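The sequence shown maps to residues 6 to 291 in our numbering.
Glycine included, every Cβ here is placed at the ideal spot set by N, Cα and C.
If you're wondering where the values come from, they're calculated on a predicted model, not measured in any experiment.
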Amino acid sequence: MTIRDSTGRWTAAAARTLAGVAAVRVTTAYAVALVAVSTTLTMLGPHAHDAVVIRMSTNLHNLARGRLSTLVGSAFVHDGGHVYAWLPGLVCLLALGELIWRSGGLLIAFAVGHIGATLLVAVGLVAAIEANWLPISVARASDVGVSYGAVCVLGALTASIPLRWRPLWIGWWVGITVAAALGTDFTPFGHILALLLGIGLSFRLRSLARWTPIHLVLLIVGVGYSYFLVSGPSLVATTGGLVGALIAVLAVSALRSRNSHRVGQSEPKRRLPGRMSPRHVELAPQ
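Below you can see the structure in the form of structure tokens.
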């Protein structure tokens with residue numbers, strides 16, 4: 006191999022890499038920002054980290070004081086878990102969405118989940134506190150991280166799932182999020198809302214017509230990340246997902262059977278060939 010051939014191969018590989026990064030530039034930029042923020046807060050120490058979490062939390066206390074910047078800033082701060090442990094899974098999930106919907110579609114899906122679910126949860130918390138269902142201390146609970154946006158992106162993949170597998174997909178994820186919400190924390194309720202927002206949004210975004218191997222790899226890794234994000238290694242959540250998938254399949258089967266029965270009843274009866282109506286029978290002369 007000559008030096009020119011080696012240089013040409015490296016140039017081609019670099020060009021392919023740059024093209025791949027350009028296709029998922031929003032995902033790449035977001036990942037770099039998450040790493041930068043996490044590294045900076047780690048260097049500053051736990052006290053600085055806790056102060057930023059309190060400042061950036063989208064809780065009722067901050068929202069009531071008009072700190073709307075938390076609706077954006079909270080997406081760049083995480084409260085628990087090392088960033089390098091979960092970032093690859095998040096990157097795969099977001100990269101899949103960006104490849105399907107392009108950069109603008111990914112931004113819309115993530116923003117709808119992160120901001121929309123946050124505001125809906127806030128409304129629910131206000132109502133629960135006013136009704137004395139929750140203590141007033143909930144208003145200062147920390148609420149940062151990427152989970153609402155990521156779960157909405159997961160739900161927004163629904164329209165790209167093949168039609169035969171779509172009921173299983175919807176039932177599985179709805180079942181998991183509902184089962185995970187049986188605890189006392191309000192975050193799982195935000196996951197339910199983010200998932201439903203994503204499912205509704207999915208039919209407004211572009212859908213994937215053909216799945217390639219790279220799409221499937223990104224989906225598998227992204228689904229694994231989403232499972233542990235929503236439920237963790239929870240047997241209850243897994244059971245909820247299986248029950249939800251079963252209910253969805255049975256519901257679709259019953260609906261198809263009902264529609265087939267209606268179509269069968271509405272079809273007019275066809276006359277057998279070669280038979281004449283009694284009104285048109287002519288007697289042969291004797």
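Determine the extent of the alpha helix (DSSP H) in which residue i is found, giving its start and end residues.
i      : result
Val131 : 122-135
Trp216 : Looking at the DSSP string, Trp216 is not in any alpha helix (DSSP H), and its letter there is neither H nor E.
His66  : 65-69
Asp84  : Where Asp84 is concerned, there is no enclosing alpha helix (DSSP H), given that its DSSP letter is neither H nor E.
Ala56  : 51-61
Gly237 : Taken as a continuous stretch (DSSP letters only), Gly237 belongs to no alpha helix (DSSP H), as it is neither H nor E.
Leu76  : 75-78
Whole angstroms is fine: what's the gap from residue i's alpha carbon to residue j's?
i      : j      : result
Val183 : Pro193 : 8 Å
Asp292 : Val82  : The first residue shown for the chain is 6 and the last is 291, placing residue 292 beyond what the model contains.
Val226 : Leu98  : 7 Å
Leu104 : Ala136 : 45 Å
Leu76  : Val40  : 19 Å
Asn67  : Arg145 : 8 Å
Tyr230 : Val126 : 23 Å
Trp216 : Val222 : 10 Å
His196 : Ala27  : 30 Å
Pro218 : Val29  : 17 Å
Gly110 : Ala259 : 34 Å
Ala164 : Ile175 : 10 Å
Ser62  : Leu95  : 21 Å
Met48  : Leu210 : 40 Å
Gly150 : Ala38  : 13 Å
Gln291 : Arg261 : Reliability of the predicted coordinates at Gln291 is poor, the pLDDT of 40 falling under 50, and the value obtained from them is presented with this limitation in mind. When rounded, the distance between both Cα atoms is 57 Å.
Phe115 : Thr33  : 14 Å
Gly118 : Val128 : 15 Å
Ile141 : Gly78  : 24 Å
Trp177 : Val31  : 28 Å
Gly188 : Ala253 : 24 Å
Gly154 : Ala132 : 23 Å
Tyr35  : Leu255 : 40 Å
Leu130 : Ile59  : 18 Å
Ala1   : Gly50  : Here the chain has residues from 6 to 291 only, and residue 1 is not among them.
Phe233 : Ala53  : 28 Å
Pro172 : Ala100 : 24 Å
Ala56  : Leu65  : 17 Å
Tyr89  : Ser43  : 10 Å
Gly246 : Arg107 : 30 Å
Gly279 : Arg263 : Confidence is the limiting factor: at Gly279 the pLDDT is only 49, short of 50, which leaves the residue's position unreliable, though a coordinate-based value still follows. Distance between the alpha carbons of Gly279 and Arg263 is about 34 Å.
Trp5   : Ala250 : Any answer about residue 5 is impossible in this case: the structure gives the chain only from 6 up to 291.
> Taking contact to mean at least 3 C-beta pairs separated by less than 8 Å, is the segment 197-214 in contact with the segment 153-170?
Replying inline: Using a Cβ-Cβ distance cut-off of 8 Å, the segment 197-214 and the segment 153-170 are in contact, since at least three pairs of beta carbons, one from each stretch, lie closer than that value.
>> Just to confirm the assignment: which complete alpha helix (DSSP H) runs, minimum length 4, are found wholly within the segment 129-199?
In response: The alpha helix (DSSP H) runs lying completely inside the segment 129-199 and spanning 4 residues or more are 152-161, 171-185, given in chain order.
>> Three or more C-beta pairs under 8 Å: does that hold for the segment 63-72 against the segment 83-91?
In response: Touching, no, given that fewer than three Cβ pairs across the two stretches are closer than 8 Å.
>> Taking 8 Å as the cut-off, does the segment 231-241 touch the segment 115-134 (at least 3 CB pairs, one atom from each stretch)?
In response: Touching, no, given that fewer than three Cβ pairs across the two stretches are closer than 8 Å.
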